[in-house]
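At position 356 of the sequence shown (counting the first as 1) the number is 808 in my numbering, and the numbers step up by one without a gap.
What follows is a set of notes on a single structure, which appears directly below.
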Amino acid sequence: MTDCDCLILGGGAVGLACASVLAARGIDVQVVDPRPAAGGVMQSERVDGYLLERGPNSTLNTSLRVERWLAELGTTAARCFGPAAAARRYILRAGGLCALPTSAAAFLRTPAWSFRGKLRLMAEPLIPRRRATTEECLADFVRRRLGQEGLDYALDPFVSGVYAGDPARIAIDAAFPMMVGFERDHGSLVIGMIRTARARRADPDRPANRALYAFQEGMQQPMHVAAARLGERLHLGQRAERVVAEGARLRVEGEGFTLTARRVVCATPAYVAAELLAPLSAEAARWLREIEHNPVAQVYLGYRRAQVGHPLDGFGALFPSKEGKLTLGSLWSSTLFPGRAPAGHCLLTNFAGGARHPEIRDLAPATIQERVVEELTPLLDLRGAPAFAQVQVLPRAIPHYTLGHTARIQAIERALSAYPTLHLTGNYLLGISVSDCWKRGLLLGDRLAG
Ligand SMILES: Cc1cc2nc3c(=O)[nH]c(=O)nc-3n(C[C@H](O)[C@H](O)[C@H](O)COP(=O)(O)OP(=O)(O)OC[C@H]3O[C@@H](n4cnc5c(N)ncnc54)[C@H](O)[C@@H]3O)c2cc1C
453 MTDCDCLILG GGAVGLACAS VLAARGIDVQ VVDPRPAAGG VMQSERVDGY
503 LLERGPNSTL NTSLRVERWL AELGTTAARC FGPAAAARRY ILRAGGLCAL
553 PTSAAAFLRT PAWSFRGKLR LMAEPLIPRR RATTEECLAD FVRRRLGQEG
603 LDYALDPFVS GVYAGDPARI AIDAAFPMMV GFERDHGSLV IGMIRTARAR
653 RADPDRPANR ALYAFQEGMQ QPMHVAAARL GERLHLGQRA ERVVAEGARL
703 RVEGEGFTLT ARRVVCATPA YVAAELLAPL SAEAARWLRE IEHNPVAQVY
753 LGYRRAQVGH PLDGFGALFP SKEGKLTLGS LWSSTLFPGR APAGHCLLTN
803 FAGGARHPEI RDLAPATIQE RVVEELTPLL DLRGAPAFAQ VQVLPRAIPH
853 YTLGHTARIQ AIERALSAYP TLHLTGNYLL GISVSDCWKR GLLLGDRLAG
């Protein structure tokens, strides 16, 4: 490893996207990451014929910039889009699974919400906008606009299933700024969505097809290609330990290496950035340490198709907190994308824990598996022991955008403003989805190459 123009700490979605833009523009860039493989949490592994996603399972096609980059990597043809059935999502209510409605008629019929709850949802445009400008948590915002059932049986399961978060602690302005804008500018979420639809269609970064997709060989596939293109500029198995100022450059010290760079991009999780940047600013480190991460356990279950009574005709099922389960959601991987399970078998990727059950960190994997199987068995009509089972626990999986998040990020940026050649990025800033992370990395790369 040698001194370079730009050193990127972290080869996850953000770091690799940024590095690939810089490398393509001929900039002297290097990446260090302690993992043995590129992609950060995006790791895909085939075990006994099942394709296990250790991190994300899919993402939404939300950006033309990302589409263009995937095409440059030559991975467009490897993308697989979810079938039409993926639009169907189930929710657990009163001990049974009900399909969430996808039309007005189905909304009126669905048992997912009571008659009273539906009336309250429909009254959303009539609810006056909030005048106070103080920070509000997601639960209060949704309860105010959509009612208690809207919170319990629409927003809560979505937030638990996707963010592993707690709506009572999430800051609405940090996690869902668009919803705040709809209320502020249009007085209603529904009216805001309708009125801004045309503007969103005119967004030059909006792709024609805003669908859910993954890759034939799993979500890590484009990360492998980006890593191969970087070649010797990517140093896996190398952990950075601290960043210090050295004249006009930044010196990065790690396990067995020291080098200087004109610019450094820190694309690690927040809790790692805290330790790396502490020599530059104890203040920034203190704020970075305050960003919490929720634990997630993934329970991979493979069954012979005949062992599952449920048609598995959808994306999967989400479990609201009110239903009191350890499971947050069940993703029907083999319904969504081809090649996820051996012929005649199906793969269920189940999530448990989150902010709702932080004790998951201390439970034995066998206990987690047992609890999840027990909870799923009556719902999916599972018969007999799974043909395949594996559990993975990530103690700090997903950043929690808790109350005070925006102020925290501003304080971190202020504390590091003395180092304009240090660029902080990662999934704890403005969006956790793969699509957001790739886009953030690409745009930072464009800016640094500019
Ligand atoms: C279980 C799970 C399921 C998810 N599901 C979805 C989904 O279905 N759809 C979706 O869109 N999003 C999903 N996400 C979110 C999304 O995958 C992540 O937000 C995104 O991939 C994070 O990318 P990143 O580059 O910011 O961070 P990371 O992937 O965490 O990368 C950071 C990198 O920094 C490296 N690093 C750590 N310490 C050091 C050090 N000292 N020196 C140098 N490097 C270091 C790490 O090894 C890592 O490679 C999921 C996330 C998880 C965890």
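Don't be surprised by glycine CBs; every beta carbon is placed ideally from N, CA and C.
Predicted model only: the values in this text are computed from it and were never measured.
At a cut-off of 3 residues, the continuous stretches assigned as beta strand (DSSP E) that sit fully inside the segment 525 to 559 are 531 to 533, 541 to 545, 548 to 551. Within 7 angstroms of the C-beta of Cys-798 there is not a single heavy atom belonging to ligand 1.
Look at Thr-648 here: in three-state DSSP terms it is helix. Pairing Ala-719 with Ala-697, the inter-Cα distance amounts to about 18 angstroms.
Straight-line measurement puts the Cα of Ala-679 at about 41 angstroms from the Cα of Tyr-605. Taking C-beta atoms under 8 angstroms as the contact rule, Ser-887 and Thr-511 qualify, at a distance of about 5 angstroms. Set against 7 angstroms, the gap from the CB of Val-717 to the closest heavy atom of ligand 1 is not smaller. In the structure shown, the three-state DSSP call for Gly-492 is coil. Taken in chain order, the complete alpha helix (DSSP H) segments of 4 or more residues contained in the segment 856 to 891 are 857 to 867.
Shown here for Cys-889: same chain residues with a beta carbon closer than 6 angstroms to its own, the five before and five after excluded, namely Ala-465, Val-466, Asn-879 in chain order. When only Cα atoms are considered, Leu-549 and Leu-468 end up about 39 angstroms apart.
For His-638, the enclosing alpha helix (DSSP H) starts and ends at 629 to 638. Excluding the 5 residues flanking it on each side, Ala-620 has same chain C-beta neighbours closer than 6 angstroms at Cys-589, Ala-591, in chain order. For Ile-884, the shortest C-beta to heavy atom distance toward ligand 1 is below 7 angstroms.
Put simply, the backbone Cα of Val-481 is about 11 angstroms away from that of Gly-683. At least one heavy atom of ligand 1 falls within 7 angstroms of the beta-carbon of Leu-728.
Annotated three-state conformation of Gln-600 is helix, per DSSP. Closest option to Ala-818, judged by alpha-carbon separation, among Ala-841, His-797, Ala-807, His-809: Ala-841. In the displayed model, Phe-593 falls within a helix according to three-state DSSP. Using a 10 angstroms sphere on the CB of Leu-598, the tally of other CB atoms reaches 16 or more, which defines it as buried. In the DSSP assignment, Pro-747 is bridged to no other residue. Within the segment 704 to 760, the runs of alpha helix (DSSP H) at least 4 residues long that lie entirely inside it are, in chain order, 722 to 729, 734 to 741. Beta-bridge partners assigned by DSSP to Phe-840: Gly-754. The continuous stretches of alpha helix (DSSP H) do not include His-809, and DSSP gives it neither H nor E. Under DSSP, Phe-803 shares a beta bridge with Gln-750, Gly-781. Residues of the same chain with their beta carbon placed closer than 6 angstroms to that of Pro-763 are lacking, with the five preceding and five following residues left out of the count. Each residue's CA atom was taken as its position, placing Glu-519 and Ile-861 some 29 angstroms apart.
Taking non-hydrogen atoms of ligand 1 into account, the C-beta of Leu-846 is found less than 7 angstroms away from one of them.
One alpha carbon belongs to Glu-811, the other to Asp-657, and they sit about 41 angstroms apart. In the three-state DSSP reduction, Asp-657 falls in the coil class, being neither helix nor strand. Exclusion of the five residues before and after Arg-581 leaves Glu-635, Gly-639 as the residues of its chain whose Cβ lies within less than 6 angstroms of its Cβ. Membership of Gln-482 in the beta strand (DSSP E) is indicated by the continuous run 481 to 485. Taking the CA atoms as reference points, Tyr-723 sits about 28 angstroms from Tyr-752. Between His-852 and the set Asp-765, Ala-859, Tyr-615, Pro-553, the nearest pair of CA atoms involves Tyr-615.
The beta carbon of Lys-774 sits closer than 6 angstroms to those of Asp-604, all from its chain and outside the five residues before and after it, given in chain order.
The closest heavy atom of ligand 1 lies 7 angstroms or more from the beta carbon of Gln-495.
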